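Chains as they are written, first to last, in this note's numbering: chain P, 673 to 1025; chain E, 673 to 1025; chain L, 673 to 1025; chain A, 673 to 1025. Don't be surprised by glycine CBs; every beta carbon is placed ideally from N, CA and C. Predicted model, so just to flag it, every value in this text is computed and none were measured.
There are 4 protein chains.
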Amino acid sequence: MASPKFTAPDGMPRKNEVDEFYDSVAEADLQPLWTQMGIMPETPPLAAIPYAWKWKTLKELAERSGELIPIDRGGDRRVLSLSNPGLAGQPFATQTLWGAVQYLGPGEVAPAHRHTAAALRFVIEGSGVWTLVNGDPVPMAPGDLVLTPCWSWHEHHNPGNTPMIWFDALDLPLVRSLDAIFFENGPDRMVNRAVDPASRSELTFGNGAGLVPFEESEKQAFSPLFAYRWKDTDRTLTTLMKLSNDGTAALKFVDPTRGIDVMPTMRCSMHRVSAGASTRKFRRNGSSIWVTYRGSAIVSIGEDRFHLDEGDMFAVPSWCSFSIEATQDADFFCTSDAPAMEALGLARTEYLD
Amino acid sequence: MASPKFTAPDGMPRKNEVDEFYDSVAEADLQPLWTQMGIMPETPPLAAIPYAWKWKTLKELAERSGELIPIDRGGDRRVLSLSNPGLAGQPFATQTLWGAVQYLGPGEVAPAHRHTAAALRFVIEGSGVWTLVNGDPVPMAPGDLVLTPCWSWHEHHNPGNTPMIWFDALDLPLVRSLDAIFFENGPDRMVNRAVDPASRSELTFGNGAGLVPFEESEKQAFSPLFAYRWKDTDRTLTTLMKLSNDGTAALKFVDPTRGIDVMPTMRCSMHRVSAGASTRKFRRNGSSIWVTYRGSAIVSIGEDRFHLDEGDMFAVPSWCSFSIEATQDADFFCTSDAPAMEALGLARTEYLD
Amino acid sequence: MASPKFTAPDGMPRKNEVDEFYDSVAEADLQPLWTQMGIMPETPPLAAIPYAWKWKTLKELAERSGELIPIDRGGDRRVLSLSNPGLAGQPFATQTLWGAVQYLGPGEVAPAHRHTAAALRFVIEGSGVWTLVNGDPVPMAPGDLVLTPCWSWHEHHNPGNTPMIWFDALDLPLVRSLDAIFFENGPDRMVNRAVDPASRSELTFGNGAGLVPFEESEKQAFSPLFAYRWKDTDRTLTTLMKLSNDGTAALKFVDPTRGIDVMPTMRCSMHRVSAGASTRKFRRNGSSIWVTYRGSAIVSIGEDRFHLDEGDMFAVPSWCSFSIEATQDADFFCTSDAPAMEALGLARTEYLD
Amino acid sequence: MASPKFTAPDGMPRKNEVDEFYDSVAEADLQPLWTQMGIMPETPPLAAIPYAWKWKTLKELAERSGELIPIDRGGDRRVLSLSNPGLAGQPFATQTLWGAVQYLGPGEVAPAHRHTAAALRFVIEGSGVWTLVNGDPVPMAPGDLVLTPCWSWHEHHNPGNTPMIWFDALDLPLVRSLDAIFFENGPDRMVNRAVDPASRSELTFGNGAGLVPFEESEKQAFSPLFAYRWKDTDRTLTTLMKLSNDGTAALKFVDPTRGIDVMPTMRCSMHRVSAGASTRKFRRNGSSIWVTYRGSAIVSIGEDRFHLDEGDMFAVPSWCSFSIEATQDADFFCTSDAPAMEALGLARTEYLD
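Following this line, the structure appears as structure tokens:
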């Protein structure tokens, strides 16, 4: 390992002693703190930058990957990850979150695996796909949020005639930072599996606000409800908007048996902004990825402004100011690392308006 | 205070000393433990007894009270309480729970008050009534559960043409035991109040499983959702029954923001038993009141068996074995003191089949 | 059951109808709410009254019971319970708490039993006694707090030459109200059991603030630490008094593995007031029993004032104002139902100074 | 950003299309998942390696830094960090933890600052130093654990005649991964500050197991007790060893008001192993740093074995098997990221013996 060099200001005889000292330090697999002043900056250093990806490009490339990358070349997880230009070539949207578009063509199957990195899907286009989560078939449709939590088996099936494209988010960078990655491939895929219109998870836990099975099942670290349907999400936003006095409404997706975030590392929420309305400007410690599901808006992230339309995705890095100004009625899906920051005592939020 | 007398077995001279001692003890406002052997029996002593009240009688008397007891004679809370014959004339259904039928005639109003005893309503018959809970108008219809938690203002309005009869339950005996009763009458009643089809509470917290407002409001000791609608309850039971393999299904009503019981002293649940099916036989520490909302059944409580039809109510005392055998498809509303028993470390359940 | 009678003001023909109605109501095991106006008073009705018991009397009668009541006449639990004159002859100090003095003579043994009512001992006089709690021998000495939580086996042994007198408190009235009493006699008593100077419970959990075994044992509803020693209590009060600016200091005894109250139904605390200093005047919902362990004071409870000396005990009923004015440096042990009131959402406190 | 290249196996015409596609993907700031197979390995990849640092070297270099690096060259935080050879020159002991030795000479002061990275000190040698934590002076002595939690002000003072060397640990790599670093320099240092033998924090919260102030202060994310003294730690280990049947004993340092880990990101524990005894062999997800405080041992980490003596430090990376075999009676201080792993639902432990 190279020794960090200390440059004495004057070339005095002590210089050699110091240099020798630094050599000894490096040789002992130590490093002086005082030569690494940048290691604790006053505020989170902007590595990940405010950034947006246009749906037009995402979709074109996803479709093109469908043509070019068959199953035997890796197409069983045909995923294009959002690669934040500030992160030195790493395939991550922010410091803690992976974001991507996944494309599954007609008749294709993404075979079973599981990993400790938690994942979620927010469907943008297509129909007829279902995901098998721990043996429970979960149909997918646009606007739906589908969870495949930490260490849960999952495989994707498209028995239909049209491709599906969805947004994938994982806490992969976070779990990698914690050196906590485990991964396992599943057994051979199933075929000809019949799918009910609702998963067992939904039949058990998705029946209505405050209505849960009388007998409690054992708690896991994540929600036992794996799918949140657009119909319900949309109705809820419509209802909350009635009570709103600033043209914005937002809901949080939670574990219906505990009211806490769906997964311990990722908060999921949906935000509606009426044409002409704006959200409050704030910044928080930790990052998020957003998907413009409907409408269009100007989004301000730090010093940058992005004009966004349906399907466009964007990354909000840690401690960047953030606000949305809708130019048409707009809906946004958001996922963030907020539950992790809160659990670790690190969350802070500052309103700037 | 009378002194408990100790009868010496032999009439020896010591007798007088002991009597004198007991006199001194009583005079000092003390009591010997050893003369009160019954104070800690081996199992909960059966004071409240297994008991059932027939809907036919309840309804007749409720209607009769509507005719005979006008507002100025107490009719502003026209309530007939279930008086368990084991409880020595106290107006309580069990040792910890008050149960009652309340009747509100067309055009009548039960004016505002609040109390630390928590209350709930489960509607049996009628339409058009609404309850104002802390200023939020909550419409009521058959099968609905409506909460008026500890210290929340509530008043009932019947602007329609038909009477309504509902089941009232309170934790009044429990709160009295704790010497924790507070009561306050409200200001003059409102008139001509317009009522939305759903309360603000429902618009905010009742939109769907796992969908809550993004911004958390301050937590209180009880659910912020005040109404659970029969339509949702019925659909949930139907769904859960699909997954059932014994012809029974049951749901618990919970605070949608935390997944815990709706109130810290009262658990609320709804139980469906298919014709010919039976529930498991068990007993638990603590009591409950049940309302037969639909169908008919034979209910075994301790050594007693009751044939029950729609509207019939029954009390299950502490540590009495209990099971339901449906003779027709049947639905039951139940409220119990289970959350209190659990919070105080006293809950125990024993299955007997 | 007798029918509550409605006295019509005018003797009109309707009188009979109403009387008949009330007869029918009573016959159906129902009771009208409107004839029971006192059932929900505006504030907790004063049943238990502010009251004090003098140590001189308590001790004399305890010793006298030692002479007069041998083992075979009930002396195996030679307990004189504080009987609040407001509670109609019930052997309870307050509505929720049992208090008593227990006397165990030299060579005597109180054999094993257990009950769901939780108990605690606060030792006033004597030495050499130990209590076996779930098989763990716990020595007792003046100023010590010893727990025998819900459903834990306990037996008391006095192998020494001097009697011991301690204060007993149980949540018995509360547990009776909940109909949750279970009781079981133990097997034959052990003899010649060697006792270590500290219990296994203390060796495991009593080593110091914030120092617990690395491997967590399964949590129960109560503290795994069964004894809190006077030496530690005294030192803590001395330390806290150094930081105090009003001449008072108070500590709470908690479960060292969770920081919560030692038992879910009873809070335990120790209060020191310097000569001439006073505690704040307040009232709370729920009751407490206090033991003057050292010093003397004037205690104001509601409208009453008591002059108290070492060993004197007193009861503070629900919602009575309360303050202590020390005439000599004074220490008080207190137990209350506060954790139950808090768990059930019923706690309220009002400061009055 | 360079495009990851796909090498077609056959040089067919499609090759150009695919290359063009990859170029487009890279240009759009996207990355294909299927070319990054290593991103989710089956178990945590061994980046940080099992490693040990010898006290002899640490001490020599620390002392040498005291001679060579005066205050104006960075000596106000004279810290040599343990640099794990597997971490590519980063100054971190493991993937989530910073470890270091800090040297403070006689008469020196390390001025006030605070940061969101949480820190702790475990003192190895010296006397007379105190740390000011949020205005509360905390004396330091060998074997003491002193906390400076997230965002708490801290400065170190050595008014004595001898240097002090202590072990520093921070969750810095973890907090950096989360992009949650904040840092602030304090105001000018205080001088001539008188120090009590115990901090206010200890006077308030450090009095004994299960004894806390009666009035609760507001909870923060970390322990209100900032110092855990060797005397107490040693006595606790001695006591726990009496109950041990395998020659090992271990304690966890916890928040005395809640029983949870002292800080949400770092578990602290102390482990005693008798000469000849061994700890169980296990591995866990997440990493730790250990300090040999007393005695000597052979430590097995993964495939490596280290002979360790007093003062030696070592790093246990994620998912490496680990066990200690004491060659003399030995005590170890340990800090790990376990609370973070547990809070995020990622903890897993496997016993291997």
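Non-local C-beta neighbours of P:Gly958 in its own chain, meaning closer than 8 Å and more than five positions away in sequence, comprise Thr768, Ser990, Ser1008, Asp1009, Ala1010, Ala1012, Met1013, Leu1018 and Ala1019, ordered along the chain. The DSSP assignment places 844 to 849 as complete runs of the alpha helix (DSSP H) inside the segment 822 to 865 of chain L, in order along the chain (cut-off: 4 residues).
Within chain P, no residue has its beta carbon less than 9 Å from that of E:Asn830; the closest one is some 26 Å off. By the CB criterion at 7 Å, E:Tyr900 and E:Leu817 fall inside the cutoff.
Between the segment 879 to 886 of chain L and the segment 930 to 944 of chain A there are three or more inter-stretch CB-CB distances shorter than 8 Å, so the stretches are counted as touching.
The DSSP-derived three-state label of E:Thr788 is coil. The beta carbons of A:Glu780 and A:Asn833 sit about 12 Å from each other, so the pair does not count as a contact at 8 Å. In this structure, P:Arg872 sits away from P:Ser824, with a CB-CB distance that is not shorter than 7 Å. In this structure, the CA atom of A:Ile721 is about 35 Å from the CA atom of P:Val773.
DSSP places L:Val971 within a strand segment (E or B) once states are collapsed to three.
L:Thr768: not part of any beta strand (DSSP E); DSSP gives it neither H nor E.
Unbroken alpha helix (DSSP H) runs of no fewer than 4 residues, entirely contained in the segment 966 to 1022 of chain L, are found at 1010 to 1015, following chain order. Here the segment 962 to 982 of chain P makes contact with the segment 990 to 1007 of chain P; the two share three or more CB pairs at distances below 8 Å. About 5 Å separates the beta carbon of E:Leu923 from that of E:Thr908, a gap short enough to meet the 8 Å contact definition. Following the DSSP letters along the chain, one finds E:Thr920 inside the beta strand (DSSP E) bounded by residues Thr920 to Phe925. Taking the C-beta atoms as reference points, A:Ser753 is found nearer than 7 Å to A:Pro763.
When 9 Å is used as the limit between beta carbons, P:Ser941 is near these residues of chain E: Phe886, in chain order. Residue pairing of P:Glu797 in beta bridges, as defined by DSSP: P:Ile837.
By the criterion of a C-beta distance shorter than 8 Å, L:Thr1021 is surrounded in its chain by Phe954, Arg955, Arg956 and Asn957, once the five residues flanking it on both sides are discounted. Taking a beta-carbon distance threshold of 7 Å, P:His787 counts as an interface residue toward chain A. As a beta-bridge residue in DSSP terms, A:Ser960 pairs with A:Val988 and A:Ser1008. With fewer than 16 other CB atoms across the displayed protein chains lying within 10 angstroms of its CB, P:Ala760 is exposed. In this structure, the CA atom of P:Leu819 is about 20 Å from the CA atom of E:Arg930.
The alpha-carbon separation between A:Asn879 and L:Thr910 amounts to approximately 10 Å.
Following the DSSP letters along the chain, one finds L:Thr929 in no beta strand (DSSP E), marked with neither H nor E. Interface with chain A (7 Å Cβ-Cβ cutoff): L:Asn879 is included. Residue contact with chain E for P:Gly771: absent (no Cβ-Cβ distance below 7 Å to any residue of chain E). The beta carbon of P:Phe855 sits closer than 6 Å to those of His787, all from its chain and outside the five residues before and after it, given in chain order.
Taking P:Pro814 as the centre and dropping the five residues before and after it, the same chain places the C-beta of Val795, Ile796, Glu797, Gly798, Ser799 and Trp902 closer than 8 Å to its C-beta, in chain order.
Secondary structure of A:Ser873 (DSSP, three-state): helix.
Leaving aside the five residues that flank P:Gly777 on each side, the residues in its chain whose CB is nearer than 6 Å to its CB run, in chain order, Gly738 and Pro835.
Per the C-alpha coordinates, the member of P:Gly974, P:Ala949, P:Val945 and P:Arg952 positioned closest to P:Thr964 is P:Val945. Closest option to L:Ala790, judged by alpha-carbon separation, among L:Asp981, L:Ser972, L:Ala921 and L:Asp933: L:Asp933. For L:Trp725 and E:Gln703, the gap between their C-alpha atoms comes out near 12 Å.
Close to A:Ala922, with beta-carbon spacing below 9 Å, are these residues of chain L in chain order: Pro885, Phe886 and Glu887. Between E:Gln892 and the set E:His979, E:Pro821 and E:Met712, the nearest pair of CA atoms involves E:Pro821.
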